[in-house]
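In what follows, a structure is listed as structure tokens, so that the remarks can point back to it.
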Amino acid sequence: MSEDYGEKDNDTMTTWQSLKSAITDYKVWVMALSLTAMVISLSFNQFFPTLTSTLGYSNTSSLLLCAPPFALATSASESSEYASKASLKSDSSEVCAFFNARHSDKTQERAFHIIAPLCVGLIGFIIAMSTQKVAPRYVSLFLMAASYAGFVVFYAWISNSFPRPAMKRAVAIAFVNAFSQLGNVSGAYIFPAKWGPSYEKSYGICIACFVFCIAGVLLHRWSLARLNRQLEDQDNNGGVDPENLRRPAIAMPRGFRYVL
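Counting with this note's numbering, you get residues 12 to 271 for the letters of the sequence shown.
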């Protein structure tokens, strides 16, 4: 983080100051709500055996059919800065997550590396709720599993979005992560047996949550882009914001820019 930030951390902020700074920063709430919505949609993984059983095969075959979507997308390697945290959601990183996260780090871009996998997942949900044919529904499970690639990159973006003060970054990461677990709680109730075997309503909820998450990601990207413009103006004007002299300068090293 010191390398990304451009200088060593000399933070003297207390714990309570850090907590107040984090919970009063709207960007923290945007990320927390966006990740919660994503986690709700990703709750389909808790019901994967149930979803494969709707294909009409025996219990044993249905359990075996759970493996390929995640096996195809499984890699022993972890690529993103916080990919290890994402492994809490599945036993290992996904192949698509590996390459998506590596490309995200290489290009220093986060938002569209989150949105693209979610769009793939959206296609999977739409296919699953649109047909009862075996082949399309099984393909849709592969597309749903691929959406985890966005989850991996999202965690890295939290740290990138709150580089300093270090105490605030720690609180922000913990708060966003803890708050998003509400998605796991609520997600446990969106695939009731009475909505099967089509689970149209369940997939509809997943679609709505992914759309909400995408909107939140775009809003957060716009917020960081605005801060980058302000930082550029400060760099070009000796640390003073020429647009509004009453607005305090952003306390970042010269040349620092937020990762979008």
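Every residue, glycine too, gets a C-beta built ideally from N, C-alpha and C.
Just so you know, the alpha carbons of residue 114 and residue 40 end up roughly 27 Å apart.
Short of 7 Å from the beta carbon of residue 47, and not among the five residues preceding or following it, lie these beta carbons of its own chain, in chain order: 190, 191, 193, 194. Contact annotation: the stretch 146 to 160 touches the stretch 50 to 58, with at least three C-beta pairs closer than 8 Å. Its chain contains 51, 54 as the residues whose beta carbon lies nearer than 6 Å to that of residue 198, once the 5 sequence neighbours on both sides are disregarded; these appear in chain order. Per the C-alpha coordinates, the member of 242, 247, 246 positioned closest to residue 270 is 242. Between the beta-carbon of residue 214 and that of residue 139 there is about 5 Å, and that keeps the pair under the 8 Å contact cut. Only residues of its own chain outside the window of five on either side were considered, and among them 59, 60, 63 have a CB closer than 8 Å to the CB of residue 77, listed in chain order. If you draw a straight line from the Cα of residue 165 to the Cα of residue 230, it comes to about 14 Å. Setting aside the 5 residues that flank it on each side, residue 209 is surrounded in the same chain by 65, 140, 143, each with a C-beta closer than 8 Å to its C-beta; the list follows chain order. Nearest Cα to residue 24 within the set 222, 148, 182, 196: 182.
Burial of residue 122 is indicated by the presence of at least 16 other C-beta atoms within 10 angstroms of its C-beta. Cβ-Cβ separation between residue 169 and residue 49: approximately 12 Å, too far for a contact (criterion under 8 Å).
For residue 60, the enclosing alpha helix (DSSP H) has its first and last residue at 59 to 64. With contacts defined by Cβ atoms closer than 8 Å, residue 133 and residue 221 form a contacting pair.
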